[in-house]
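Visitor: Counting from 1, one number per residue, gives the positions in the sequence shown under full-length UniProt numbering. Where a beta carbon is used, it is the ideal one built from N, C-alpha and C, also for glycine.
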Amino acid sequence: DILEVEGLSFTEAAPFFKDMRWLPTCELGDTADMEFDTAVDAEMLYAGAISFTVRTRMWINWPRDKYASIPIEVRIALTNMNGRVRFGVRRRRSFFSFVEEPFLRFEV
């Protein structure tokens with residue numbers, strides 16, 4: 001059935017960055033443009049809450065098709081996120097990515 005996502009909210013907590021390291025262009029790969037490409041790696045720590053609500057209906061198909069439906073509503077909150085991130089500029093385009101798999105803690 002329909003899946004609704006609503007109520008996206010952020011707390012006032014901001015991420016904290018530490019252990020920042022400027023990356024020389026030679027570490028960005030063979031396709032790096034020595035004049036325009038650059039990046040910074042940093043450890044990002046976030047302890048706050050990014051939350052949203054997911055709402056749908058589960059249909060019971062017995063004893064016949066669409067016999068009954070049960071409403072389901074789940075609030076999901078990301079409460080903790082830690083990981084190494086990279087801020088960069090490649091070919092004059094900015095990017096942000098995780099360098100490795102981040103640690104994520106959710107509450108449901």
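Tell me the residue span of the beta strand (DSSP E) that contains A47.
Guide: 38–60
Visitor: Can you tell which of R84, R91, P102 has the C-alpha that lies nearest to the C-alpha of D19?
Guide: R84
Visitor: How about R57 and V40: do their beta carbons lie closer than 8 Å?
Guide: no
Visitor: In terms of alpha-carbon separation, which member of E4, F36, T38, L45 lies closest to F16?
Guide: Considering only alpha carbons, the answer is L45.
Visitor: Going by DSSP, what residues sit across from L78 in a beta bridge?
Guide: I50, F106
Visitor: In the DSSP output, what is V89 paired with across the bridge?
Guide: T38, S94
Visitor: Assuming contact is defined by CB atoms lying nearer than 8 Å, are W59 and S69 in contact in what I supplied?
Guide: yes
Visitor: Going by CA-CA distance only, name the one from I2, R92, N82 that's closest to L104.
Guide: N82
Visitor: Bridge partners of G83, per DSSP?
Guide: M44, per the DSSP bridge assignment.
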